[in-house]
Structure formats: structure tokens, C-alpha cells
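Here is the structure we will look at.
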Amino acid sequence: MQNNSSPKPTIEYWHVWTDQDGISHQSRCQIADFMQKGIAPDTSPQWLSNLKQSGATIIFTVLPVGWVGNWHENPKPQWVIPLSGRWFVETMDGQRVEMGEGEISFGEDQGTKTDAQGHKGHLSGTVGDAPAVLIIVQLEETPTIEQSCRFR
Numbered sequence: 030m031q032n033n034s035s036p037k038p039t040i041e042y043w044h045v046w047t048d049q050d051g052i053s054h055q056s057r058c059q060i061a062d063f064m065q066k067g068i069a070p071d072t073s074p075q076w077l078s079n080l081k082q083s084g085a086t087i088i089f090t091v092l093p094v095g096w097v098g099n100w101h102e103n104p105k106p107q108w109v110i111p112l113s114g115r116w117f118v119e120t121m122d123g124q125r126v127e128m129g130e131g132e133i134s135f136g137e138d139q140g141t142k143t144d145a146q147g148h149k150g151h152l153s154g155t156v157g158d159a160p161a162v163l164i165i166v167q168l169e170e171t172p173t174i175e176q177s178c179r180f181r
């Protein structure tokens with residue numbers, strides 16, 4: 030097996046989460062819990078971070094050019110990763126984050142409360158003149174509240 034002496038990596042992601050008052054927010058977070066080992070027996074070592082989760086559903090979706098959804102909560106805690114194109118997420122606190130291919134978001138804004146403007150959860154849509162192709166990995170687990178950057 031090869032010896033890989035590269036520095037320990039980090040992966041950045043956006044976390045959409047709900048505070049104790051039912052307001053959604055986005056925080057920039059990092060996954061840094063990597064260990065160097067083979068992914069299977071007798072394979073060369075690589076950097077692995079195993080975020081153990083219960084059952085998951087994988088969804089591919091294509092958001093058309095100009096698509097903007099209604100304000101909504103994520104249906105389940107879910108990873109969203111753009112494969113091509115660009116999209117945005119705007120949370121109830123007014124923060125808008127635009128993401129392109131390979132940028133990661135973890136949506137966990139369940140439990141929000143409708144605000145004075147009628148907003149609940151987040152708003153999302155496409156950016157630019159190309160559809161946004163996304164892969165979504167939905168998790169079968171209870172969302173956390175008042176916990177930003179839950180994955181490290």
C-alpha cells in the first residue's frame with residue numbers, strides 16, 4: 030500500500046438550521062474529522078470522514094432556468110450538492126447564499142415558525158442562464174434545533 034503524506038483535509042459546507050425562536054439561518058462549517066485508511070481491505074490509504082447516518086434516499090433533480098420555489102422547510106435533513114449550474118438559498122434571517130457545482134449545503138430547517146412576512150423555512154431557486162442539476166441525499170433522522178455546524 031502507498032503512503033500518502035498529504036495534509037489532513039477539510040471540506041466546507043453551508044448548514045441551514047433553525048434557532049430556538051423558529052428562525053432559519055445559514056452557517057459556514059467545516060468537516061475536518063478525517064482519518065487516513067483504505068476504503069476497503071487491501072486498498073491504498075486515502076482520507077476518509079465517515080458521517081454515519083441512518084437510512085438515506087438519493088434524489089437527482091433539475092431546476093429549470095428562472096425557477097424559484099415557494100418558502101418551505103427541507104422535507105427531511107438533507108445534503109444538497111450542485112453537479113452543474115448555480116442555485117441560491119435564502120433563509121429567514123435575510124442571508125442569501127449562492128452555490129455552484131461541488132459546493133455543499135446541509136438543509137435542516139425543520140421546526141421554523143412563520144414570520145411577519147409569511148416566510149417559513151427558506152427560499153431557493155436557480156441563478157444564471159443554465160439549469161441547476163442537484164443531487165440530494167435525504168436522511169431518516171430527527172433534525173437538530175439550535176445547533177449550527179452539527180457535522181465536524
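Mapped onto the working numbering, the consecutive letters of the sequence shown carry residue numbers 30 to 181.
Beta carbons are placed, not taken as given, at the ideal position from N, Cα and C, and that holds for glycine.
Computed from a predicted model, the values in this text were never measured in an experiment.
Counterpart residues of residue i in DSSP-defined beta bridges
i, result
"Ala161", "Leu92"
"Phe63", "None, per the DSSP bridge assignment."
"Gly136", "Val45, Gln107"
"Gln75", "Lys66"
"Glu119", "Arg125, Leu152"
"Trp55", "Sequence check: residue 55 is Gln here, not Trp. Paired residues: Val45."
"Ile40", "Ile60"
"Leu168", "Ala85"
"Ser113", "Val162"
Span of the beta strand (DSSP E) around residue i
i, result
"Arg181", "Careful: Arg181 lies outside any beta strand (DSSP E) and carries neither H nor E."
Rounded Cβ spacing between residue i and residue j (contact assumed at less than 8 Å)
i, j, result
"Pro106", "Glu132", "Pro106 to Glu132, Cβ: 18 Å. No contact."
"Gln166", "Ala85", "The residue asked about is misnamed: residue 166 is Val in this sequence, not Gln. 5 Å between Cβ atoms; contact."
"Thr171", "Arg179", "About 12 Å; that fails the 8 Å criterion."
"Glu119", "Leu152", "4 Å"
CB of residue i within 7 Å of CB of residue j, strictly
i, j, result
"Asp93", "Pro160", "Per the sequence shown, the amino acid found at residue 93 is Pro instead of Asp. Yes, these two residues count as a Cβ contact at 7 Å."
"Phe117", "Glu127", "yes"
"His101", "Met121", "no"
"Val109", "Leu163", "yes"
"Pro36", "Phe63", "no"
"His44", "Ser53", "no"
"Glu16", "Trp46", "In the structure as shown, the chain begins at 30 and stops at 181. Residue 16 is therefore absent and cannot be evaluated."
"Thr141", "Gly154", "no"
"Ile60", "Ile87", "no"
"Glu175", "Gln49", "yes"
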